[in-house]
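Peer 1: To start, I am sharing the structure in question, which I have written as structure tokens.
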Amino acid sequence: MQIKPGSVKPLFDNVLIKPLEEESKTPSGIVLPESAKEKPQIGQIMAVGPGAIDEDGKRILMSVKVGQKVIYKKWGGNEVKIDHQEWLVVEQKDIIAVIE
Amino acid sequence: MQIKPGSVKPLFDNVLIKPLEEESKTPSGIVLPESAKEKPQIGQIMAVGPGAIDEDGKRILMSVKVGQKVIYKKWGGNEVKIDHQEWLVVEQKDIIAVIE
Amino acid sequence: MQIKPGSVKPLFDNVLIKPLEEESKTPSGIVLPESAKEKPQIGQIMAVGPGAIDEDGKRILMSVKVGQKVIYKKWGGNEVKIDHQEWLVVEQKDIIAVIE
Amino acid sequence: MQIKPGSVKPLFDNVLIKPLEEESKTPSGIVLPESAKEKPQIGQIMAVGPGAIDEDGKRILMSVKVGQKVIYKKWGGNEVKIDHQEWLVVEQKDIIAVIE
Amino acid sequence: MQIKPGSVKPLFDNVLIKPLEEESKTPSGIVLPESAKEKPQIGQIMAVGPGAIDEDGKRILMSVKVGQKVIYKKWGGNEVKIDHQEWLVVEQKDIIAVIE
Amino acid sequence: MQIKPGSVKPLFDNVLIKPLEEESKTPSGIVLPESAKEKPQIGQIMAVGPGAIDEDGKRILMSVKVGQKVIYKKWGGNEVKIDHQEWLVVEQKDIIAVIE
Amino acid sequence: MQIKPGSVKPLFDNVLIKPLEEESKTPSGIVLPESAKEKPQIGQIMAVGPGAIDEDGKRILMSVKVGQKVIYKKWGGNEVKIDHQEWLVVEQKDIIAVIE
Numbered sequence: 018m019q020i021k022p023g024s025v026k027p028l029f030d031n032v033l034i035k036p037l038e039e040e041s042k043t044p045s046g047i048v049l050p051e052s053a054k055e056k057p058q059i060g061q062i063m064a065v066g067p068g069a070i071d072e073d074g075k076r077i078l079m080s081v082k083v084g085q086k087v088i089y090k091k092w093g094g095n096e097v098k099i100d101h102q103e104w105l106v107v108e109q110k111d112i113i114a115v116i117e
Numbered sequence: 018m019q020i021k022p023g024s025v026k027p028l029f030d031n032v033l034i035k036p037l038e039e040e041s042k043t044p045s046g047i048v049l050p051e052s053a054k055e056k057p058q059i060g061q062i063m064a065v066g067p068g069a070i071d072e073d074g075k076r077i078l079m080s081v082k083v084g085q086k087v088i089y090k091k092w093g094g095n096e097v098k099i100d101h102q103e104w105l106v107v108e109q110k111d112i113i114a115v116i117e
Numbered sequence: 018m019q020i021k022p023g024s025v026k027p028l029f030d031n032v033l034i035k036p037l038e039e040e041s042k043t044p045s046g047i048v049l050p051e052s053a054k055e056k057p058q059i060g061q062i063m064a065v066g067p068g069a070i071d072e073d074g075k076r077i078l079m080s081v082k083v084g085q086k087v088i089y090k091k092w093g094g095n096e097v098k099i100d101h102q103e104w105l106v107v108e109q110k111d112i113i114a115v116i117e
Numbered sequence: 018m019q020i021k022p023g024s025v026k027p028l029f030d031n032v033l034i035k036p037l038e039e040e041s042k043t044p045s046g047i048v049l050p051e052s053a054k055e056k057p058q059i060g061q062i063m064a065v066g067p068g069a070i071d072e073d074g075k076r077i078l079m080s081v082k083v084g085q086k087v088i089y090k091k092w093g094g095n096e097v098k099i100d101h102q103e104w105l106v107v108e109q110k111d112i113i114a115v116i117e
Numbered sequence: 018m019q020i021k022p023g024s025v026k027p028l029f030d031n032v033l034i035k036p037l038e039e040e041s042k043t044p045s046g047i048v049l050p051e052s053a054k055e056k057p058q059i060g061q062i063m064a065v066g067p068g069a070i071d072e073d074g075k076r077i078l079m080s081v082k083v084g085q086k087v088i089y090k091k092w093g094g095n096e097v098k099i100d101h102q103e104w105l106v107v108e109q110k111d112i113i114a115v116i117e
Numbered sequence: 018m019q020i021k022p023g024s025v026k027p028l029f030d031n032v033l034i035k036p037l038e039e040e041s042k043t044p045s046g047i048v049l050p051e052s053a054k055e056k057p058q059i060g061q062i063m064a065v066g067p068g069a070i071d072e073d074g075k076r077i078l079m080s081v082k083v084g085q086k087v088i089y090k091k092w093g094g095n096e097v098k099i100d101h102q103e104w105l106v107v108e109q110k111d112i113i114a115v116i117e
Numbered sequence: 018m019q020i021k022p023g024s025v026k027p028l029f030d031n032v033l034i035k036p037l038e039e040e041s042k043t044p045s046g047i048v049l050p051e052s053a054k055e056k057p058q059i060g061q062i063m064a065v066g067p068g069a070i071d072e073d074g075k076r077i078l079m080s081v082k083v084g085q086k087v088i089y090k091k092w093g094g095n096e097v098k099i100d101h102q103e104w105l106v107v108e109q110k111d112i113i114a115v116i117e
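Listed in order, the protein sequences are those of chains A, B, C, D, E, F and G.
Residue 18 is where the first sequence starts when you use my numbering, and the numbers rise one by one after that.
Residue 18 is where the second sequence starts when you use my numbering, and the numbers rise one by one after that.
Residue 18 is where the third sequence starts when you use my numbering, and the numbers rise one by one after that.
Residue 18 is where the fourth sequence starts when you use my numbering, and the numbers rise one by one after that.
Residue 18 is where the fifth sequence starts when you use my numbering, and the numbers rise one by one after that.
Residue 18 is where the sixth sequence starts when you use my numbering, and the numbers rise one by one after that.
Residue 18 is where the seventh sequence starts when you use my numbering, and the numbers rise one by one after that.
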């Protein structure tokens, strides 16, 4: 199924990100960490969910918005194929900084 | 036992999904992840539970509804064989986006 | 010790289930998952506990009842031998849908 | 040290159980699960703790009592040697049903 | 550094225990469990902490006292060498019963 | 993508740190711990997030500020390449001390 | 970077400890536990953090103070090199007893 940009509406505190950097994948498919630290990725926010729901049933406002360039944790996201590219849906907590 | 579409009523915040894409299974049965990121799946919602019960005994309203095309996490669901097809029951939190 | 149907009274939110489908066991005893998804099972509810006790000491009402056909997660239950059959005691949260 | 029946007073929500069935131990000491499901055990309650203490400092009443035959999870308990027998101390939550 | 009995004052809900039974250690240092059940140990309480602090900053009263013979979980404690003996500091929750 | 110092704005309780000491990396890429204890690192804080959001939706004030030299846990951070250097984004809880 | 005693100010409920006993390290760097129990260490408290912050934003008072000899869990701390010695920063919860 073809998914078009703009058609993906994240739920809860999920955020749709278009990566701006290639990830280094080992040819064998086995991922060997270079060091014990996670290498975060850089991408652009394409869509933002309405926010998670707290214990009292209220929406928690989102801290990021569409268009921002952000640094996100490498290991947290879910890949979505959009226009033959690998985009990502990540939870907001896995976005660690905005690049201005 | 044969299960018919329409006869499955999910409990709590479970959601019944009919997958729209085939999953790639390795012949040997051993699943080797291509990368460290989860590849989510696309499917159509066929039935929705009444919602989870919060700490005060109240139902939490569901954020998805029957008929929606959704992206869901690959690793979270439970397979159910319905009409010789593998459908899935997933918790709502494992649905990360709606496709409009 | 012989256990008779009807003599088992589940505690808390436990539910006694009589499976309606055989599980496929590998002869060697080693369980190799076919895919990363859990295959739920189908069974009939034979007895229902009085409900779990919440933080304020109150019973949480059960959402399932005796006689219902249900789909439950394969990995969650405890086997009990009743009348030379393997029945199961599962927590209610591991029951994901009712079949009507 | 010899421990006599009746001298063991469980703390909190612990329950002393005298098993009514032999467990199958593999000769090598390595425990190979037959299937992915836990096989619960059957035993008689010999002593019951006063109950766990909740967040407000109050005792939570126990749901089981001395003399009951119960089904308990196989993997949860601590063995105590009493009168040359292996008895068990389990937490109440690992008792899943009463046999009447 | 030599530690004398009586000089160890446990913090929070820690309890100092003098074991009354030898533990079976394998010569190689590798601990192979005999069965899946933990074998608890028996010891005498030599010192008791003032109690843990709850969420409101209040001390939670201790349920055990100095001099009691108790059964404690084998895997939970920290060894302290006192008078050339291996004593233990365990959290109160790892003491499962008093022997009277 | 080139990231300039000053352009990275951490979110929530994340803190941007410029390491002051080289980390010892094994040539093979496999990290063998010298001992069971983590070796923390020393760095300078370059940017501080606005604080995490608590359960009531309020910001929790940060305890560290820009310019401080700090000791942080080695295993907690995410690397960011800034000006051809490996900087780090860590959560405030992984900063264990300030050096004055 | 040289760190001087007195310049390290722990954050939250961290505690700076100067070990009083050598730890046994295996030459190969692989740590083989002698038994399943943790062997705690003895040290002197050199600096104490201001206390953790509870859910209501209030400081939780510390239970230990500078100068005390304490027993702490071996596996919990972070090493800091001070005056060519390996000191430790541990969380207060990993200090299990004071030696008087």
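Backbone N, C-alpha and C fix where the C-beta goes; we use that ideal spot for every residue, glycine too.
#1: Are the Cβ atoms of Q109 (chain B) and V32 (chain B) separated by less than 8 Å?
#2: Would you check if there are 3 or more beta carbon pairs closer than 8 Å linking the region 61-81 of chain F to the region 98-109 of chain E?
#3: Do we get a CB-CB distance below 8 Å when we pair L33 (chain E) with the residues of chain G?
#4: Counting only the same chain and skipping the five closest in sequence on each side, list residues whose C-beta sits under 6 Å from that of D71 (chain D).
#5: Measure the C-alpha to C-alpha separation of I20 (chain A) and I34 (chain A) and round it to an integer number of angstroms.
#6: Cutting at 7 Å between CB atoms, please list the residues of its own chain near A15 (chain G), excluding the five before and the five after it.
#7: For the beta strand (DSSP E) that K86 (chain B) lies in, which residues bound it at each end?
#8: Can the beta-carbon of P36 (chain A) be found closer than 8 Å to that of G66 (chain A)?
#9: Check the Cβ of P57 (chain G) against every Cβ in chain E and list those closer than 9 Å, keeping chain order.
#10: I'd like the span of the beta strand (DSSP E) that includes A69 (chain A), first residue to last.
#11: In chain D, which residues lie less than 7 Å from V115 (chain E) when you measure between Cβ atoms?
#12: Ignore the nearest five residues each way along the sequence and tell me which others in P27 (chain B)'s own chain have a CB closer than 8 Å to its CB.
#13: Looking at the strands, I want to know which residues DSSP matches up with G60 (chain G).
#14: Using 10 angstroms around the beta-carbon of V83 (chain A), count the other beta-carbons present and answer buried if the total reaches 16, otherwise exposed.
#15: Pull the bridge partners of L78 (chain B) from the DSSP assignment, please.
#16: Cutting at 8 Å between CB atoms, please list the residues of its own chain near E103 (chain F), excluding the five before and the five after it.
#17: Have a look at I62 (chain E) and I113 (chain E) and give me their C-alpha separation to the nearest angstrom.
#18: Does any C-beta atom of chain F lie closer than 8 Å to the C-beta of I20 (chain G)?
#19: Answer yes or no: does any C-beta atom of chain F fall closer than 8 Å to that of G68 (chain G)?
#20: Using a Cβ-Cβ cutoff of 8 Å, what residues of the region 73-90 of chain G are near chain F? List them in chain order.
#21: Starting from I112 (chain F), find everything on chain G with Cβ-Cβ shorter than 7 Å and list it in chain order.
#22: Mind checking which residues open and close the beta strand (DSSP E) that includes Q109 (chain F)?
#23: When the Cα of G94 (chain B) is compared with those of C:D111, C:K86, C:G74 and C:E117, which residue comes out closest?
#24: Leaving out five residues before and five after K86 (chain E) in sequence, what residues of the same chain have Cβ atoms less than 6 Å from its Cβ?
#25: I need the straight-line Cα distance from P22 (chain F) to Y89 (chain F), nearest angstrom please.
#26: Would you identify the three-state DSSP class for Q19 (chain G), choosing helix, strand or coil?
#27: Tell me the rounded alpha-carbon separation between K75 (chain F) and K75 (chain B).
#28: Kindly indicate which three-state DSSP category E117 (chain A) falls into: helix, strand or coil?
#29: Out of curiosity, what's the CA-to-CA distance linking D73 (chain B) and D73 (chain E)?
Peer 2: Per the coordinate set shown:
#1: Yes; because the gap between Cβ atoms is below 8 Å, this pair is in contact.
#2: These segments do not touch.
#3: So yes, L33 (chain E) belongs to the interface.
#4: Excluding sequence positions up to five before and after D71 (chain D), its CB lies within less than 6 Å of the CB of I77, all in the same chain and listed in chain order.
#5: In a straight line, the C-alpha of I20 (chain A) is about 14 Å away from that of I34 (chain A).
#6: With chain G covering only 18 through 117, there is no way to say anything about residue 15 (chain G).
#7: It spans K86 to Y89 - the beta strand (DSSP E) in which K86 (chain B) sits, taken as one unbroken run.
#8: With a cutoff of 8 Å on beta-carbon distance, P36 (chain A) and G66 (chain A) are scored as not near each other.
#9: Ordered by position in chain E, the residues that pass the 9 Å Cβ test against P57 (chain G) are N95, E96, V97 and V106.
#10: Element bounds for A69 (chain A): n/a, residue is neither H nor E.
#11: What V115 (chain E) touches in chain D: K26 and L28.
#12: So the qualifying residues of the chain are L33, A64, V65, G66 and V106.
#13: Bridge partners of G60 (chain G) according to DSSP: G:P36 and G:V87.
#14: Its Cβ having fewer than 16 others within 10 Å, V83 (chain A) is exposed.
#15: According to DSSP, which records beta bridges pairwise, L78 (chain B) is partnered with nothing at all.
#16: Around E103 (chain F): P36, E96 and V97.
#17: A straight line joining the alpha-carbon of I62 (chain E) with that of I113 (chain E) spans about 13 Å.
#18: True, the Cβ-Cβ gap to chain F drops below 8 Å.
#19: By the rule that beta-carbons nearer than 8 Å mark a contact, G68 (chain G) does not touch chain F.
#20: Taking 8 Å as the Cβ-Cβ cut-off, the region 73-90 of chain G approaches chain F at G74, given in chain order.
#21: Ordered by position in chain G, the residues that pass the 7 Å Cβ test against I112 (chain F) are L28.
#22: Neither: Q109 (chain F) is in no beta strand (DSSP E) and is coded neither H nor E.
#23: Here the closest residue by C-alpha is C:D111.
#24: Closer than 6 Å at Cβ, skipping near neighbours: Q61 and I116.
#25: P22 (chain F) and Y89 (chain F) have their C-alpha atoms some 20 Å from each other.
#26: Here Q19 (chain G) sits in coil by DSSP.
#27: C-alpha separation (whole angstroms): 25 Å.
#28: Coil.
#29: If you take the alpha carbons of D73 (chain B) and D73 (chain E), they lie about 22 Å apart.
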